[in-house]
Amino acid sequence: MIGQTQYFRDTWAEIDLDALYQNVKTIRDGLPRETKLFAAVKANAYGHGDFQIAKEALKAGAHGLVVALLDEALVLRQKGIKAPILVLGLIRPADAGVAARHHISVPVVQLEWLKEAGRTMGAGVPPLKIHVKCDTGMGRIGLKHEEELKEIEQFIKQTDEFEFEGIFTHFSTADQASEKYYQGQLAAFKKFVSVLETVPKYVHAANSAGALCHNDSFFNAVRVGIAIYGLSASQERPPLNKGKQVFSLHSKIVHVKKIRPGECIGYGAAYQAEKEEWIATIPVGYADGWLRKLEGQSVIAGGERAEIVGRICMDQTMVRLPHYMPIGTQVTLIGGQGTGDFITVEEIAEKLDTINYEVICMINFRVPRFYKRGSKLIEVENPLFRGV
């Protein structure tokens, strides 16, 4: 049997658990004592690894977790996470009983959903914990009118199948310098809360940008995602850049050769050498989430910057070295090598004309995750070998 910590390629991501712990603790310490922090670990904890990040975030002071899918919540429960978990995406009414049995909270945006879920849950199931989602301007999911909220509240009071645990919204512009739209959303959410006869256990609106930049958005809980990973939730609000980057991506040179002037590299002969050059091949490509558009991006090879040349392949990337480097030399695509130079997630995002969230989420399951504290390796997770 192949153990889950086995790996057989020289490309890996390193997850700095010390940085994650400190980022969460710093954010937690900056909130009022009574405000609960829910750490977002959806999408495999933004590519970092859901279970390890969940454990570390809870240890650092997070009260609970938020995910996008019921499946994600169930995986965490199966791995032994007992803290509160809220699913942010809508689930099917037929799956309400599954969520209830595993003490997983879910969002509700329609009275009819509650009625249908109640009919499917069956006997002996604990009350399903619900958080009513209010659409105050995001335009994604959520109820739009206070009357709908009142109807849901009254319905829940007349049944034993549900627990009205929370009410929430999501800001769409909390990361922007202009506050006009944000303030409109905040006022709309306060109006929703004001019509309730009984305020539920959790009232939450703030995401990372709200939690770090808008004290008026705290209520009694916040949901923090990108900031716990040491990445900025905004290009317009500098205070969001204070955390330490948790994610780094590394590979090694598996082949090196000298090419002559006029020789070409890669598909389409897209790169042609103008002089003698040392070209290294590293085993990472667009099938790993290292996209073709990163052609021309620099990496750090043996402590020095080196440029990606030729088209990035599905599984391999070629790099022009400043001088000969032997097979086995470490190459860093995101992060640093302790020499002072550092490639941030934001640098890669700028090259791809996207946001930092997308960069870390798209480094996929083919890349093993190495979890570290300081220089000590805690665990290696290789999803390719799950169940083997």
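In terms of my numbering, the sequence shown opens at residue 115 and continues consecutively.
Just so you know, even glycine gets a beta-carbon here, dropped at the ideal spot from N, CA and C.
Own chain residues within Cβ distance below 8 Å of residue i, not counting five before or after
i: Lys-356; result: Thr-140
i: Pro-440; result: Ile-367 and Val-370
i: Ser-412; result: Arg-419, Ala-420, Glu-421, Ile-422 and Ile-457
Alpha-carbon to alpha-carbon, residue j and residue i
i: Ile-457; j: Arg-147; result: 36 Å
i: Ala-208; j: Pro-397; result: 44 Å
i: Val-313; j: Leu-145; result: 21 Å
i: Pro-221; j: His-284; result: 12 Å
i: Tyr-121; j: Gly-380; result: 27 Å
i: Asp-124; j: Asp-143; result: 39 Å
i: Ser-346; j: Glu-460; result: 8 Å
i: Val-189; j: Gln-166; result: 12 Å
i: Ser-489; j: Arg-483; result: 15 Å
i: Gly-442; j: Arg-337; result: 42 Å
i: Val-317; j: Lys-304; result: 10 Å
i: Phe-419; j: His-437; result: In the sequence on display, residue 419 carries Arg and not Phe. Answer to the nearest angstrom: the Cα atoms are 11 Å apart.
i: Ala-231; j: Gly-161; result: 32 Å
i: Cys-248; j: Gly-339; result: 20 Å
i: Val-360; j: Val-473; result: 13 Å
i: Gly-344; j: His-259; result: 36 Å
i: Lys-243; j: Gln-297; result: 29 Å
i: Gln-118; j: Met-476; result: At Gln-118, the pLDDT of 47 sits below 50, so the modelled position is not reliable; the number obtained from the coordinates is stated separately. One C-alpha to the other measures close to 22 Å.
i: Ile-205; j: Ser-362; result: 33 Å
i: Phe-276; j: Ala-302; result: 25 Å
i: Thr-234; j: Arg-215; result: 13 Å
i: Ser-365; j: Gln-444; result: 6 Å
Simplified DSSP assignment, three categories, for residue i
i: Gln-299; result: helix
i: Ala-335; result: strand
i: Tyr-121; result: coil
i: Gln-359; result: coil
i: Lys-407; result: helix
i: Pro-427; result: Checking the sequence, you will find Cys at residue 427 rather than Pro. Three-state DSSP puts Cys-427 in coil, outside helix and strand.
i: Glu-279; result: strand
i: Gln-136; result: helix
i: Ala-415; result: strand
i: Gly-232; result: helix
i: Gly-194; result: coil
i: Val-212; result: helix
i: Val-239; result: coil
i: Gly-450; result: strand
i: Val-398; result: coil
i: Leu-84; result: Absent from the model: residue 84. The displayed extent of the chain is 115 to 502, so no value can be given.
i: Gln-268; result: helix
i: Pro-440; result: coil
Cross-strand partners of residue i (DSSP beta bridge)
i: Asp-130; result: Lys-486
i: Trp-392; result: Lys-372 and Leu-435
i: Pro-221; result: His-245
i: Cys-378; result: Gln-386
i: Ser-365; result: Thr-125 and Val-445
i: Val-180; result: Ala-154 and Leu-200
i: Ile-422; result: Val-433
i: His-318; result: Phe-282 and Ala-335
i: Phe-257; result: Residue identity differs from the one stated: residue 257 is Leu in this sequence, not Phe. DSSP output for Leu-257 lists Cys-248 as bridge partner(s).
Cβ neighbours of residue i in the same chain (closer than 6 Å, five flanking residues each side left out)
i: Leu-466; result: Lys-407
i: Glu-391; result: Ile-373 and Arg-434
i: Lys-150; result: His-177 and Ala-335
i: Asp-289; result: Ala-323, Ala-347 and Ser-348
i: Asn-137; result: Ile-342, Gly-344 and Gly-357
i: Gln-386; result: Cys-378
i: Lys-229; result: none
Close beta carbons around residue i, own chain, < 7 Å, minus the five adjacent residues each side
i: Asp-330; result: Leu-300
i: Asp-455; result: Ile-414 and Arg-419
* Which ranges would you report for the beta strand (DSSP E) in the segment 453-502 if only whole runs of at least 3 residues count? -> 483-487 and 490-495
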